[in-house]
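Mapped onto our numbering, the consecutive letters of the sequence shown carry residue numbers 13 to 68.
The beta-carbon is built from N, C-alpha and C at its ideal position, and this holds for glycine as well.
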Amino acid sequence: MKLSAPKSVTFIIALVLAVLGILASQGIIIARSGWAVGLLVAGFVVLAIGNMVKGL
Numbered sequence: 013m014k015l016s017a018p019k020s021v022t023f024i025i026a027l028v029l030a031v032l033g034i035l036a037s038q039g040i041i042i043a044r045s046g047w048a049v050g051l052l053v054a055g056f057v058v059l060a061i062g063n064m065v066k067g068l
């Protein structure tokens, strides 16, 4: 399997999800604090798929 760098948009989406997960885990975003781990995992999954799928 060859890996490729993700596009900027994919990276930014993954980064936003990860930052939201971190903020939620710290209690800064109280409305989504139950989703903190899910947001972090979603950010990682988006980034991983962006690396594995060419052109994404």
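In the three-state DSSP reduction, Leu35 falls in the helix class (H, G or I). For the pair Ala43 and Ala26, the Cα-to-Cα distance works out to about 20 Å. The alpha-carbon separation between Ala60 and Ala54 amounts to approximately 10 Å. In summary, Ala36 is buried, with 16 or more beta-carbon neighbours lying within 10 Å of its beta-carbon over all protein chains present. Around the CB of Leu15, fewer than 16 other CB atoms lie within 10 Å, so the residue is classed as exposed.
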